[in-house]
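Chemist: Each residue of the sequence shown is one higher than the last, beginning at 1 in the UniProt record's numbering.
Heads up, the beta-carbon is just placed ideally off N, CA and C, and yes, glycines get one too.
This structure is a prediction, so every number in the text was calculated from the model and none was measured.
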Amino acid sequence: MTLRAGFKDKKRIVIKIGSSSLTHPETGALNLTKLEILVREISDLRNMGKDVILVSSGAIAVGSRALGFEKKPERIAQKQACASVGQARLMMIYQKLFSEYNQRCGQILMTKNTIVNNLNRHNAANTFRELLDIGVIPIVNENDTISTYEMQFGDNDSLSAIVAALVDADLLILLSDIDGLYTDDPNSNPEAKFVDVVEELNEHFLEMGKNTSSSGIGSGGMASKLRAAAVAMSAGCDMVIANGEDFHILHKIIQGRNYGTLFVGQKKDDFYLIDTIEKLF
C-alpha cells in the first residue's frame with residue numbers, strides 16, 4: 001500500500017489556491033473557466049461527504065485589475081485598498097458558482113492576531129467547526145484590508161497550514177505554479193530533480209526552498225511552502241504541493257494518483273506545533 005493510497009479516505013481537506021492559479025497571466029484578470037472547474041471539484045468532494053476548506057488568494061490581484069493598476073501595487077495602503085475591492089468581487093463570484101451546485105460557502109478573514117492570541121484562535125477554531133458541521137464551505141483569506149502584516153503569510157501558504165492545524169485536517173493541498181519540490185529551481189537549472197515524497201523536513205530539504213514566486217503575481221515561493229509543510233506535518237496533516245494549472249488535479253490527488261510532492265504528516269506534541277507556528281512570525 002502506497003503512502004497516497006489512503007487519500008481517498010481523508011475526511012477533512014484544506015485546499016489553498018495561489019493568485020497565479022486564479023488569473024490570466026496576460027491580463028491579471030480572473031480566469032472564470034478555471035474558477036468554475038475549481039468550484040465543481042470542491043462541490044464533488046462535498047458530495048463525497050468530505051469537509052472542505054478553501055484558502056483563496058487573489059483579492060489584491062483582482063482588486064488591482066478592477067481599480068486600473070497596471071501592475072501589483074507596492075504601497076501597503078494601495079494593496080489594502082485593492083484587497084477591499086477584490087475580496088468583495090471574489091466572494092460574489094464564489095457565492096454564485098457554489099450556489100449552482102447547491103453548496104453554501106462563507107467567508108473567514110484572518111490576521112496574525114487571530115493566530116497568536118489564544119482567545120481569538122479558540123474562537124476561530126469554533127467558527128470553522130460550526131461551519132463544517134452545518135455543511136458550509138469556509139473560504140479563507142488574510143484580512144489584507146486591515147493587516148499591516150500583509151504578505152506575512154506568503155501568499156497564504158503558511159495561513160493554509162495554520163488553518164489545517166486549527167481544524168485537525170487530514171490533508172492540505174497547495175496548488176501553485178510549480179509541479180512540486182525540486183532539488184533546485186527548475187526554471188534556472190535544467191538538472192534539477194523532482195522530489196516525490198518528503199517524510200522528514202530536515203535542513204537538506206529546507207535548503208531547496210527559493211524565496212521567490214516565478215509568476216510575479218503571487219507572493220509565495222517554495223520557501224513559504226516549506227514553512228507551511230513544517231506546520232502541517234507537525235500537526236499530523238499530510239500535505240501535497242502540486243501544479244494548479246488544471247484544477248481537475250484535485251480529484252486525481254484524492255484518488256491517490258502520483259501528482260505533486262507529498263509531505264508526510266508526523267504528529268508532534270502541541271508545544272512543538274505552537275513553537276513551529278510562532279517561528280513564522
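I need the DSSP call for Q266, collapsed to helix, strand or coil.
Modeler: Coil, per DSSP.
Chemist: Using the Cα positions of L109 and I42, report the straight-line distance between them to the nearest angstrom.
Modeler: Those two C-alpha atoms are separated by around 20 Å.
Chemist: Compute the distance between the beta-carbons of T2 and G221, then report whether it is under 8 Å.
Modeler: Against a cut-off of 8 Å, the Cβ pair of G221 and T2 comes out as no contact.
Chemist: Within 10 Å of its beta-carbon, does I134 have 16 or more other beta-carbons around it, so buried, or fewer, so exposed?
Modeler: With fewer than 16 Cβ atoms within 10 Å of its Cβ, I134 is classed as exposed.
Chemist: Answer yes or no: do V163 and V14 have a C-beta to C-beta separation smaller than 8 Å?
Modeler: In contact: V163 and V14 (Cβ atoms closer than 8 Å).
Chemist: Just verifying my parser: in three-state terms, what is the DSSP assignment at C105?
Modeler: Strand at C105.
Chemist: Over what stretch of residues does the alpha helix (DSSP H) that includes S234 continue unbroken?
Modeler: Counting along the chain, the alpha helix (DSSP H) containing S234 begins and ends at M222 to S234.
Chemist: Taking the alpha carbon of H251 as the point to measure from, which residue in L38, T127 and S160 has its own alpha carbon closest?
Modeler: Nearest of L38, T127 and S160 to H251, Cα basis: L38.
Chemist: Return the CA-CA distance between I93 and L30, expressed in angstroms with no decimal places.
Modeler: Taking the straight line joining both Cα atoms gives about 10 Å.
Chemist: Within the continuous alpha helix (DSSP H) that includes E142, where are the two ends?
Modeler: Counting along the chain, E142 falls outside any alpha helix (DSSP H), though it belongs to the beta strand (DSSP E) covering V136 to E142.
Chemist: For L172, which beta-bridge partners are listed by DSSP?
Modeler: BP columns for L172 point to V14 and M239.
Chemist: Please list, in chain order, all residues of the same chain as L166 whose beta carbon is under 8 Å from its beta carbon, the five residues on each side excluded.
Modeler: If we look at L166 and ignore the five residues flanking it on each side, its Cβ neighbours are R121, A124, A125 and F128.
Chemist: Identify every run of the beta strand (DSSP E) within the region 47 to 95, keeping only runs that are complete inside it and at least 3 residues long; order them along the chain.
Modeler: Counting whole runs of 3 or more residues, the region 47 to 95 contains the beta strand (DSSP E) stretches 51 to 56.
Chemist: For Q80, which of G28, Y101, R46 and N141 has the nearest alpha-carbon?
Modeler: Nearest of G28, Y101, R46 and N141 to Q80, Cα basis: N141.
Chemist: Looking at the structure shown, is T33 part of a helix, part of a strand, or coil, going by DSSP?
Modeler: Three-state DSSP puts T33 in a helix.
Chemist: Roughly how many angstroms lie between the CA atoms of S176 and S21, to the nearest whole one?
Modeler: Those two C-alpha atoms are separated by around 6 Å.
Chemist: How many angstroms separate the CA atom of E207 from the CA atom of V197?
Modeler: For E207 and V197, the distance between alpha carbons rounds to 16 Å.
Chemist: For a test of the three-state rule: what should DSSP assign to T183, helix, strand or coil?
Modeler: Coil.
Chemist: What residues in its chain sit with their C-beta under 8 Å from that of residue 286, if we drop five residues either side in the sequence?
Modeler: Here the chain has residues from 1 to 281 only, and residue 286 is not among them.
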